[in-house]
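Just so we're on the same page, my numbering is the position in the sequence shown counted from 1, plus 1.
Even for Gly, the Cβ is constructed at its ideal location relative to N, Cα and C.
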Amino acid sequence: MLNCIRGLHKKAALPELVLSRATELARGFVGGRRARGQRVERQQDVAAACLMIAAEESKLPLPLAEMRFLDTSLGDVELRRAEVVRELRLEEDEKRLRESFSDNLLVKYVLKLGLQVSLYVPHCKRLLEAISHVEVLASMTDVDRIIIALLLARTVHTLSWVRGSNKASGSESNIGTETVYANFASKAHLDVAKIRKLMNTAGDSLHLIRAAFNDVVDSDGNVKRECVSAESEVSGERKHFKTEGVREGEAASAA
Numbered sequence: 002m003l004n005c006i007r008g009l010h011k012k013a014a015l016p017e018l019v020l021s022r023a024t025e026l027a028r029g030f031v032g033g034r035r036a037r038g039q040r041v042e043r044q045q046d047v048a049a050a051c052l053m054i055a056a057e058e059s060k061l062p063l064p065l066a067e068m069r070f071l072d073t074s075l076g077d078v079e080l081r082r083a084e085v086v087r088e089l090r091l092e093e094d095e096k097r098l099r100e101s102f103s104d105n106l107l108v109k110y111v112l113k114l115g116l117q118v119s120l121y122v123p124h125c126k127r128l129l130e131a132i133s134h135v136e137v138l139a140s141m142t143d144v145d146r147i148i149i150a151l152l153l154a155r156t157v158h159t160l161s162w163v164r165g166s167n168k169a170s171g172s173e174s175n176i177g178t179e180t181v182y183a184n185f186a187s188k189a190h191l192d193v194a195k196i197r198k199l200m201n202t203a204g205d206s207l208h209l210i211r212a213a214f215n216d217v218v219d220s221d222g223n224v225k226r227e228c229v230s231a232e233s234e235v236s237g238e239r240k241h242f243k244t245e246g247v248r249e250g251e252a253a254s255a256a
């Protein structure tokens, strides 16, 4: 099992602290089971579960989709995770991790793209609030909604930082949506085909997202002041993406 953890840890490119903690969790789980004469089944799934818990404790969550991308042989990891939590009596820790998962994942993705946390996280949270008001998107997982919000922030110029401005989200280089999607999928260890599918779905509801987003901006009296300040910082970024023009109702994905 320890070799399984090391392999997944290496693929996920996580800090050594995460590996040490995952190993500790695995040893505690296996030791408890063996002390009662119980077998440890699906060790690869247990290894993945331990690594996920350890990563979340370090505020570097590993979504299940990422784990499956790294190892296509994985089975019911959530079941094994529940077993680890019960065995090691981590129920309170698990509750805390679940509560902070989404915020930590958003920050992780923003950093993976080399973007400014103080600029992108508040903006993406406003987009997430808007997405939550669109029925077809509200039923998606937190991970999928975070991906959509971040990529909309990178590719749709009408979801601007400042109300009434056509300036895009700090994106000024000549890179299109397909490249943005592929770059994100590579860095987040996700299937680019799934990313495109998500963004196609979001694109079908873009007019609803835009309307909800404008309502969120209107209801937040501090947005304009914050965004004006933030825009002055964007110009100094080394990496920029050009947003492609997206007309009313069109998808925020490649043709």
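| Check | Outcome |
| --- | --- |
| Residue of Ala66, Arg97, Thr180 and Met53 minimising C-alpha distance to Leu114 | Thr180 |
| 6 Å Cβ shell around Ala131 - same chain, five flanking residues per side excluded | Ile210, Ala213, Phe214 and Val217 |
| For Glu92, the first and last residue of its enclosing alpha helix (DSSP H) | Glu92 to Lys113 |
| Range covered by the alpha helix (DSSP H) that runs through Ala83 | Val78 to Leu89 |
| Buried versus exposed, by CB contacts within 10 Å (16 or more), Asp46 | buried |
| Segment limits, alpha helix (DSSP H) that includes Asp205 | Val193 to Asp205 |
| Closest by C-alpha distance to Arg99, when choosing among Tyr121, Gln44, Lys60 and Leu71 | Lys60 |
| For Leu52 and Ala14, the rounded distance between their alpha carbons | 12 Å |
| Backbone CA spacing between Arg82 and Val137 [nearest angstrom] | 29 Å |
| Buried/exposed call for Val78, threshold 16 Cβ in 10 Å | buried |
| Residues near Thr24 by beta carbon distance below 7 Å, same chain, minus five either side | Leu3 and Ile6 |
| The segment 198-207 / the segment 141-157 touching (three or more Cβ pairs under 8 Å) | yes |
| Beta-carbon gap between Lys56 and Leu65 smaller than 9 Å | The question names Lys, but residue 56 is Ala in the sequence shown. In this structure, Leu65 does not lie closer than 9 Å to Ala56 by Cβ. |
| Three-state class that DSSP yields for Arg37 in the structure shown | coil |
| For Leu15, the three-state DSSP class (helix, strand or coil) | coil |
| Cβ-based burial, Leu1 [other Cβ within 10 Å; buried from 16] | No information on residue 1 is available, as it lies outside the stretch 2 to 256 that the chain covers here. |
| Whole-angstrom distance between Cys125 and Ser174, CA atom to CA atom | Unreliable positioning characterises Ser174 in this predicted model, as indicated by a pLDDT of 44, which lies under 50. The coordinate reading is nonetheless provided below. So the alpha carbons of these two residues sit roughly 21 Å apart. |
| Span of the alpha helix (DSSP H) around Pro123 | Val118 to Ile132 |
| N-terminal and C-terminal residue of the alpha helix (DSSP H) that Thr178 is part of | Thr178 to Ala189 |
| Buried versus exposed, by CB contacts within 10 Å (16 or more), Leu18 | exposed |
| Separation of Val193 from Val111, as counted between CA atoms | 17 Å |
| Cut-off 8 Å between Cβ atoms - residues of its own chain near Lys109, not counting five sequence neighbours on either side | Lys60, Leu61 and Pro62 |
| Neighbour-count burial assignment, Thr159, 16 or more Cβ in a 10 Å radius | buried |
| Option in Ala186, Phe185 and Val157 with minimal Cα separation from His208 | Val157 |
| Best match in Arg197, Ala49, Gln117 and Leu106 for proximity to Ala27 [C-alpha to C-alpha] | Ala49 |
| Chain-order list of residues whose beta-carbon lies under 8 Å from that of Phe30 (same chain, five-residue window excluded) | Val41, Val47, Cys51, Glu84, Val85, Glu88 and Leu89 |
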